[in-house]
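A quick write-up on the structure given underneath.
In mature numbering (1 follows the signal peptide of the UniProt record, and there is no 0), the protein residues as written are -24 to -1, 1 to 184.
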């Protein structure tokens, strides 16, 4: 965490402490200490989202991403990290952010499950029904490139923490340039990034 966010966390704790009456129970003081440690452990993006402070401008370069601190999180973070690793680790950083946007746009849509893991696993185990190829290609999901996983993990942390999604104009679908799925003929294309085309699902259609 940068000095700016560490100062914000400390200021919050001091403000609450000053508002407490003299002789307040020491348990409250301990709780404030735990809260301060929790804030210090958060990523800058997540602290910014909680405090309504402007998050740092996203950078879509390898250099910018490498400069960010290590990331980890809960189930949604893990599911998104794995999806980015298996679906887009060969893409540019910008392309990986774009794929993350698609997954989160689906989470926000009533047509799809309302969690990251639910979206990614939708249809898994049903023939021709999985939404993301790696979940039903019959191959073991092995993280063989830890450095690549570390990078996409940072992207996942930034995105599940509420970063803006300016790249794909609300896209809910994508495919590589090497294939031409039938649905792409009726879905409006919203962006072309790296090796992927991105599309928004028309309101009048119910297919995935």
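We treat Cβ as the ideally placed atom computed from N, Cα and C, and that holds for glycine. Note that the structure is predicted; figures quoted are calculated from it, not measured.
- Between residue 111 and residue 52, the gap from beta carbon to beta carbon reaches 8 Å or more.
- Under DSSP, the beta-bridge partners assigned to residue 174 are 150, 167.
- Fully enclosed alpha helix (DSSP H) runs of no fewer than 4 residues occupy 51 to 64, 69 to 84, 92 to 97, 122 to 136 of the region 48 to 136, in order along the chain.
- Proximity to residue 149 across 48, 162, 65 peaks at 162, based on C-alpha coordinates.
- Exclusion of the five residues before and after residue 62 leaves 110 as the residues of its chain whose Cβ lies within less than 6 Å of its Cβ.
- An exposed status is given to residue 115, since fewer than 16 other beta-carbon atoms sit within 10 Å of its beta-carbon.
- The three-state reading of DSSP puts residue 42 in helix, counting H, G and I together.
- Exclusion of the five residues before and after residue 76 leaves 56, 60, 131, 132, 135 as the residues of its chain whose Cβ lies within less than 7 Å of its Cβ.
- Cβ-Cβ distances below 7 Å link residue 72 to 60, 64, 128, 131 in the same chain, with the five nearest sequence neighbours on each side left out; the list follows chain order.
- Taking the Cα of residue 81 as reference, the smallest distance to any Cα among 70, 172, 96 is reached at 96.
- Taking 8 Å as the cut-off, the beta carbon of residue 147 is found closer than this to the beta carbon of residue 166.
- The beta carbons of residue 78 and residue 152 sit no closer together than 8 Å.
- Annotation: residue 98 to residue 38 spans about 31 Å, alpha carbon to alpha carbon.
- The alpha-carbon of residue 86 is positioned some 29 Å away from that of residue 117.
- Excluding the 5 residues flanking it on each side, residue 171 has same chain C-beta neighbours closer than 6 Å at 152, 153, in chain order.
- Taking residue 67 as the centre and dropping the five residues before and after it, the same chain places the C-beta of 170 closer than 6 Å to its C-beta, in chain order.
- Linking residue 123 to residue 42 through their CA atoms gives a straight-line distance of about 10 Å.
- Here residue 69 is buried. Its C-beta has 16 or more other C-beta atoms within 10 Å.
- Apart from sequence neighbours up to five positions away, no residue of its chain approaches residue 45 with a beta-carbon distance below 6 Å.
- With contacts defined as CB atoms closer than 8 Å, residue 164 and residue 142 fail to qualify as a contacting pair.
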